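> First the structure, then my questions, so here it is.
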Amino acid sequence: MEASQLSQGSRTTVLLSSAHHPYRNLRIPPNAPFTLQPTAKKGWRMYATDDINDGEIILIEKPLFVIPAISRRRCLEDAVQYEVNNLDDHSREQFFCLRKNSFEPFPTFEAAFNFNKFSRPDTTNAGNEDEGLFVLMSRANNSCRPNAAVPNTDLLQEMMEDFDSTAICMVASRDISEGEEITFRYDVVLNYLTRDQRRCAQGFACQCGLCQSTNPHEIYLSDLRRTLLRGVETLINFGTSINVGDVIDIDDNPIILEDGLRFAAARLEIMHSSRCIYYLIMACTLEAEGLLHPLEEAACVRNFITFARWFETPFNAKIAAMALERDTWVERIFVACFLWNRPDAADADAADILQERFGFGGSNNVADIWQEQPSIVPIIEEVD
1 MEASQLSQGS RTTVLLSSAH HPYRNLRIPP NAPFTLQPTA KKGWRMYATD DINDGEIILI
61 EKPLFVIPAI SRRRCLEDAV QYEVNNLDDH SREQFFCLRK NSFEPFPTFE AAFNFNKFSR
121 PDTTNAGNED EGLFVLMSRA NNSCRPNAAV PNTDLLQEMM EDFDSTAICM VASRDISEGE
181 EITFRYDVVL NYLTRDQRRC AQGFACQCGL CQSTNPHEIY LSDLRRTLLR GVETLINFGT
241 SINVGDVIDI DDNPIILEDG LRFAAARLEI MHSSRCIYYL IMACTLEAEG LLHPLEEAAC
301 VRNFITFARW FETPFNAKIA AMALERDTWV ERIFVACFLW NRPDAADADA ADILQERFGF
361 GGSNNVADIW QEQPSIVPII EEVD
């Protein structure tokens, strides 16, 4: 099949019966715990063919091809067509199985790529990301309260030593029953948006249970939690790990209303004791909202341990250690509240390091940066 057939086939919309649909030709790994099935009104979806345990791997998939970040600045249509023409016959066949809204052929190569892409770490362009086309992963629908997740590569490499960094992995974020639809969150930014904001951001009507809920109490609580998450993320990293600028006018709708606190966050000068409490609040809120999957929870524990090791004031180090000994995130917050508004000898050094490295821009993983500074990362010692 030649690449030109994509545009030729798109001139006429052909609604195919489910028995002869191109998705029947998508090659699912033989041991995968899911299948692809059509629904009456909502297109094709991914369903569990067996019970899937919390934290279990659902799919590991490599991209058909990757478009480097630098290539996307030029003509994306030509870049995608070039990659498709250089695929082997089987991979090219899989590409041409893709359909818009489950039935319509995509009008352009660029459109097919944009609807089925995932970001990958960019190894050649600092600050940018490559994007790959993933045929099977793209078949799972979005949910704002999903039962699966696509963790970042760093977390996966910690879990699996031989994990291929070119692949992406879907894991269950809770127990999934046989016959249940498998869903995940399309973009991390959705965690920080209210229902109305998500509708504006996504550009489509999300059909998940939360967005379609008619329970005003459920929606109200969910919106409160997600607003809190955005505020806490702003205080920890000044919002650098999320981008809500295209959805929310940040200047007219500041998430942090207190000028002094907002200025301290912008300069990465939040007190270390407060930063630790904010991390606990984030983990607790993610858990309450049903968004804390096992790998993210492990990362939260790891980050808190790293932050706890940073305390230079003995009383603060002791409280952080006591908080970590508790079994639940709520209990950890109760203990860590004794740290509230307590300065620490490490505060100035921490701010200086982050400001020098990021120019007041924040960090997506501040804990990793701090671990690179062993001279000011004391081990927690027992305090009498």
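Mapping of the sequence shown onto full-length UniProt numbering: position 224 corresponds to residue 224, and the numbering continues sequentially without gaps. Where is the CB? At the ideal position from N, CA and C, for every residue including glycine. These numbers were taken from a predicted model, which means no experiment stands behind them.
#1: Check for me: the beta strand (DSSP E) holding V171 runs from which residue to which?
#2: Would you list the residues sitting across from Q37 in a DSSP beta bridge?
#3: Apart from the five residues just before and just after G231, which ones in its own chain have a Cβ nearer than 8 Å to its Cβ?
#4: Exposed or buried, Y192, counting other C-beta atoms within 10 Å across all chains shown (16 or more means buried)?
#5: Using only alpha-carbon positions, find the residue among Y47, A299, D344 and V66 that is nearest to S273.
#6: I'd like the span of the beta strand (DSSP E) that includes E61, first residue to last.
#7: Got a sec? Which residues, its chain only, sit under 6 Å from K100 by beta carbon, not counting five neighbours each side?
#8: I'd like to check one pair, I270 with L235: are the Cβ atoms closer than 7 Å?
#9: How long is the line joining the alpha carbons of R267 and E258, rounded to whole angstroms?
#10: Over the uninterrupted alpha helix (DSSP H) stretch that includes G260, give me the two end residues.
#11: Check whether the Cβ atoms of N303 and Y278 lie closer than 7 Å to each other.
#12: Pull up the DSSP beta-bridge partners for T183, would you.
#13: Would you kindly check if the distance between the Cβ of L210 and the Cβ of C284 is under 7 Å?
#14: Identify the continuous beta strand (DSSP E) that holds D130 and give its terminal residues.
#15: Relative to the C-alpha of C208, which residue among A298, P146 and I176 is closest?
#16: In the DSSP output, what is K100 paired with across the bridge?
#17: Rounded to the nearest angstrom, what separates E178 and A48 at their Cα positions?
#18: Spatial neighbours of S119 within its chain, please: CB distance less than 6 Å, with the 5 preceding and 5 following residues excluded, ordered by chain position.
#19: Compare the Cα-Cα distances from F96 to each of Y23, R199 and A336 and report the closest residue.
#20: Just verifying my parser: in three-state terms, what is the DSSP assignment at V188?
#21: Taking the alpha helix (DSSP H) that G231 falls in, what are its first and last residues?
#22: Tell me the DSSP secondary structure of F113 in three-state form.
#23: What are the partner residues of V66, as DSSP defines its beta bridges?
#24: Hey, could you find the ends of the alpha helix (DSSP H) Y278 is sitting in?
#25: Going by other Cβ atoms of all chains shown within 10 Å of its Cβ, with 16 needed for buried, is A205 buried or exposed?
#26: In chain order, what residues of the same chain have a beta carbon less than 6 Å from the beta carbon of P294, not counting five sequence neighbours either side?
#27: Can you list, in chain order, the residues of its chain with a C-beta nearer than 6 Å to that of L286? Leave out the 5 residues immediately preceding and following it.
#28: Taking the C-alpha atoms as reference points, what is the distance between P63 and D89?
#29: Assuming F109 and V80 form a contact by the criterion Cβ under 8 Å, report the distance between their Cβ atoms to the nearest whole angstrom.
#30: Could you have a look at I319 and say whether DSSP puts it in helix, strand or coil?
#31: Nearer than 6 Å: is that true of the beta carbon of L193 relative to any heavy atom of the ligand MN?
#32: So, A148 versus A111, is the Cβ gap smaller than 7 Å?
#33: Which of the three DSSP states is assigned to A32 in this structure?
#34: Terminal residues of the continuous alpha helix (DSSP H) containing I305?
#35: N25: buried (16+ other C-beta within 10 angstroms of its C-beta) or exposed?
#36: Take R332 and list the residues in its own chain whose beta-carbon comes closer than 6 Å to its own, dropping the five residues that flank it on each side.
If we stick to the structure as given:
#1: Segment I168 to A172, the beta strand (DSSP E) holding V171.
#2: R45
#3: Closer than 8 Å at the Cβ level, and outside the excluded window around G231, lie I255 and I256.
#4: buried
#5: Checked all of Y47, A299, D344 and V66; the closest Cα to S273 is D344.
#6: I57 to E61
#7: F106
#8: yes
#9: 15 Å
#10: D259 to A266
#11: With respect to Y278, N303 sits apart: the two C-beta atoms are not nearer than 7 Å.
#12: According to DSSP, T183 shares a beta bridge with N141.
#13: no
#14: Its beta strand (DSSP E) spans residues E129 to L133.
#15: Of the candidates A298, P146 and I176, the one whose C-alpha sits nearest the C-alpha of C208 is P146.
#16: E104
#17: 5 Å
#18: E129 and E131
#19: Y23
#20: Here V188 sits in helix by DSSP.
#21: P216 to N237
#22: helix
#23: DSSP lists G132 as partners of V66.
#24: It spans H272 to A288 - the alpha helix (DSSP H) in which Y278 sits, taken as one unbroken run.
#25: With fewer than 16 other Cβ atoms within 10 Å, it is exposed.
#26: G55
#27: L292
#28: 15 Å
#29: 4 Å
#30: helix
#31: By its list of ligands, the structure shown contains no ligand whatsoever, and the ligand MN lies outside what it can speak to.
#32: no
#33: coil
#34: P294 to A308
#35: exposed
#36: L280, A323 and R326
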